[in-house]
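Just so we're aligned: the sequence shown equals residues 1 to 114 in the numbering used here. Below: the structure, in structure tokens.
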Amino acid sequence: MEYANTIWNPYFQKDINMLEKIQRSVTRIPRQLRGLTYEDRLSYLNLTTHQQRRMRGNLIELYKIASNKYPSLPDNFLMFNNSNLTRGHPLKLAKQRCNKKPRTNFRVSLANND
């Protein structure tokens with residue numbers, strides 16, 4: 001469950017809830033943590049919620065794609081904002097407008113604005 005979040009990133013809320021439910025039940029296994037709240041168990045075990053780990057994994061993968069760590073991907077896989085109106089670094093993404101659901105368009109779901 002921990003290492004597959006970059007490959008299988010659930011889109012449907014029922015799948016996300018199922019993964020969180022599994023993590024909640026697994027954090028109750030140690031006897032000394034059974035009476036604590038979910039947030040206290042996570043802090044005791046030095047864990048974050050599954051949603052936060054998925055977001056962190058998405059950002060890491062997005063950075064790797066933007067900095068050309070994957071040579072097999074085409075150069076135009078991500079579109080960058082070439083406008084001079086943006087401040088900061090040149091790696092700002094241009095958000096595509098589309099009417100598709102995010103699960104059908106990998107680029108949009110990876111660069112999600114959560």
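Where is the CB? At the ideal position from N, CA and C, for every residue including glycine. Bear in mind that the values here come from a model prediction, so they are computed numbers and not experimental data.
Tell me which residues share the same chain as lysine 64 and place their Cβ nearer than 8 Å to its Cβ, disregarding the 5 neighbours each side in the sequence.
Annotation for lysine 64: Tyr70 place their beta carbon closer than 8 Å to its own, counting only its chain and skipping 5 residues before and after.
Run through DSSP, which three-state label would leucine 151 get?
The shown model of the chain, from 1 to 114, leaves out residue 151, and the question about it has no answer.
Could you give the C-beta distance for leucine 19 and proline 10, rounded to a whole number, given that I count them as a contact under 8 Å?
For leucine 19 against proline 10, the beta-carbon gap comes to about 7 Å, under 8 Å, which counts as contact.
Same chain, Cβ closer than 6 Å to isoleucine 16, neighbours up to 5 away in sequence not counted
A distance below 6 Å between beta-carbons, with the five flanking residues on each side excluded, links isoleucine 16 to the following residues of its chain, in chain order: Pro10.
Based on DSSP bridge pairs, tell me the residues matched to phenylalanine 80.
According to DSSP, phenylalanine 80 bridges with Leu93.
According to the Cβ coordinates, are lysine 92 and phenylalanine 80 closer than 8 Å?
A contact, by the Cβ cut-off of 8 Å.
Exposed or buried, what is arginine 41 when buried is set at 16 or more other beta-carbons lying within 10 Å of its beta-carbon?
Under this definition arginine 41 is a buried residue.
Who are the near neighbours of glutamine 13 in its chain, counting only those whose CB is closer than 6 Å to its CB and skipping five residues on each side?
Nothing meets the Cβ criterion.
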